[in-house]
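A.B. asks:
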């Protein structure tokens with residue numbers, strides 16, 4: 364595994380220092396503590412001497428693992444470079460123990476350089492991963508980057524990473540499902556549906572299979588034909604809401620709800636939900652609660668109800684009614700939210716739980 368050099372041979376300039384935090388929900392859910400030793404090797408170095416080595420995915424085929432370099436009483440410098448993408452994911456000097464969390468995926472490879480400091484001695488390199496019997500399927504390099512960007516709120520970069528993954532491998536089913544989720548959130552329902560159908564036909568599995576099936580069910584509802592006048596009103600109300608114009612959005616909703624159009628249940632539920640959001644923008648919170656409650660009575664699908672409960676949860680949270688906010692977010696998650704809203708709901712529940720605990 365090792366190759367000795369005279370000093371630190373890896374240039375640090377020109378490489379992007381990247382964060383290596385795993386995506387909690389999307390990547391590490393259900394994964395065991397990284398406590399099983401996959402490989403270990405000792406290396407003796409003189410003062411100022413270095414060794415370097417590469418690790419490929421085939422050597423430790425997991426989603427995440429920890430690299431440790433232990434010098435005991437001796438200190439050393441360690442740098443870790445992700446070869447694909449030229450990302451420097453770790454660099455620290457004069458430490459006796461280095462511990463590096465490695466987000467990992469198919470075809471990944473890292474290069475590690477260890478440089479001894481002042482005294483000769485031995486350094487132990489160890490790979491710690493999940494138990495071998497509990498390994499979960501791994502994702503591609505681009506999908507891992509997409510998940511990291513999504514967790515950081517960089518949706519455009521996450522979407523671009525999914526597209527790169529599909530250029531590299533048109534059968535990357537996970538990338539197709541994730542990209543479908545981004546397209547769904549942008550209301551490109553037809554394109555999203557094609558990607559989901561292809562992923563399900565191609566054999567996507569595990570947690571991604573559950574996500575794909577949920578997304579497929581939701582898209583069936585979203586693609587259901589509505590009268591053109593209803594669609595025009597929905598698009599106009601959405602535009603005003605996105606621009607922060609609550610009164611204009613409210614005027615559109617009330618005109619259609621009180622007008623002569625024959626609205627079916629789902630259409631009326633949709634406009635009542637939009638009306639509730641407009642009321643929120645205007646600070647008319649109790650009127651917004653009434654609108655959301657009415658929307659629930661007209662909304663038939665669980666997917667549609669989940670979105671209404673999500674907005675109710677946000678409203679109750681703003682009103683400092685934490686108990687009702689927690690209940691609304693919990694129901695929304697049980698009914699099944701789109702991936703983006705699901706993440707927001709889980710984060711909101713975490714924050715609410717911490718607030719309620721602090722108040723005890």
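Numbering (the working numbering), first residue to last: 364 to 723. Heads up, the beta-carbon is just placed ideally off N, CA and C, and yes, glycines get one too. Just so you know, these numbers come straight off a predicted model, no measurement behind them.
My parser needs the beta strand (DSSP E) runs of 3 or more residues fully inside the region 457 to 486; what are they?
C.D. replies: Qualifying beta strand (DSSP E) stretches, in chain order: 460 to 466 and 472 to 479.
A.B. asks: May I ask you to report which of helix, strand or coil DSSP gives residue 623?
C.D. replies: Three-state result, residue 623: coil.
A.B. asks: How is the beta strand (DSSP E) around residue 446 delimited, first residue to last?
C.D. replies: Taken as a continuous stretch (DSSP letters only), residue 446 belongs to no beta strand (DSSP E), as it is neither H nor E.
A.B. asks: Provide the residue(s) that pair with residue 405 in DSSP beta bridges, ordered along the chain.
C.D. replies: In DSSP, residue 405 forms a bridge with 487.
A.B. asks: Looking at residue 400 and residue 491, is the spacing between their C-beta atoms short of 8 Å?
C.D. replies: Yes, Cβ-Cβ distance for residue 491 and residue 400 is below 8 Å.
A.B. asks: Please report the residue range of the beta strand (DSSP E) in which residue 416 lies.
C.D. replies: 413 to 419 is the span of the beta strand (DSSP E), which, as asked, contains residue 416.
A.B. asks: If you draw a straight line from the C-alpha of residue 650 to the C-alpha of residue 604, how long is it?
C.D. replies: Their backbone Cα atoms lie some 17 Å apart in a straight line.
A.B. asks: Is DSSP giving residue 662 helix, strand or coil here?
C.D. replies: Residue state, collapsed to three classes: coil.
A.B. asks: Tell me the DSSP bridge mates of residue 633?
C.D. replies: Its beta-bridge partners do not exist; DSSP assigns none.
A.B. asks: Just list the alpha helix (DSSP H) runs in the region 638 to 682, keeping only unbroken ones of 4 residues or longer that don't cross its boundaries, in chain order.
C.D. replies: Correct list: 648 to 661 and 665 to 681.
A.B. asks: Identify whether residue 705 lies in helix, strand or coil by the three-state DSSP scheme.
C.D. replies: Three-state DSSP puts residue 705 in a helix.
A.B. asks: Is residue 430 helix, strand or coil by DSSP?
C.D. replies: Here residue 430 sits in strand by DSSP.
A.B. asks: My assumption, with CB atoms under 8 Å, is that residue 553 sits in contact with residue 524. Please give the rounded CB distance.
C.D. replies: In fact, because the Cβ distance is near 22 Å, the residues do not count as touching under 8 Å.
A.B. asks: Taking the DSSP output, what are the residues bridged to residue 616?
C.D. replies: Bridge partners of residue 616: none, in fact.
A.B. asks: With a threshold of 6 Å on Cβ separation, who are the neighbours of residue 675 within its own chain once the five nearest residues in sequence on each side are excluded?
C.D. replies: Here the set comprises 655 and 691.
A.B. asks: Which full runs of the alpha helix (DSSP H) of 4+ residues lie inside the region 507 to 552, going along the chain?
C.D. replies: Here the runs fully enclosed are 518 to 531 and 536 to 548.
A.B. asks: Which residues in the same chain have their Cβ closer than 7 Å to the Cβ of residue 585, if we skip the five residues on either side of it in sequence?
C.D. replies: If we look at residue 585 and ignore the five residues flanking it on each side, its Cβ neighbours are 552.
A.B. asks: Along the alpha helix (DSSP H) that carries residue 596, what are the first and last residues, could you check?
C.D. replies: Per DSSP, residue 596 belongs to the alpha helix (DSSP H) from 591 to 605.
A.B. asks: Taking buried to mean at least 16 other C-beta atoms within 10 Å of its own C-beta, is residue 478 buried or exposed?
C.D. replies: Looking at its Cβ environment, which holds 16 or more other Cβ atoms inside 10 Å, residue 478 is buried.
A.B. asks: Could you tell me the boundaries of the alpha helix (DSSP H) in which residue 570 lies?
C.D. replies: It spans 569 to 585 - the alpha helix (DSSP H) in which residue 570 sits, taken as one unbroken run.
A.B. asks: To the nearest angstrom, report how far apart residue 620 and residue 427 are at their CA atoms.
C.D. replies: Going by the C-alpha atoms only, they are around 52 Å apart.
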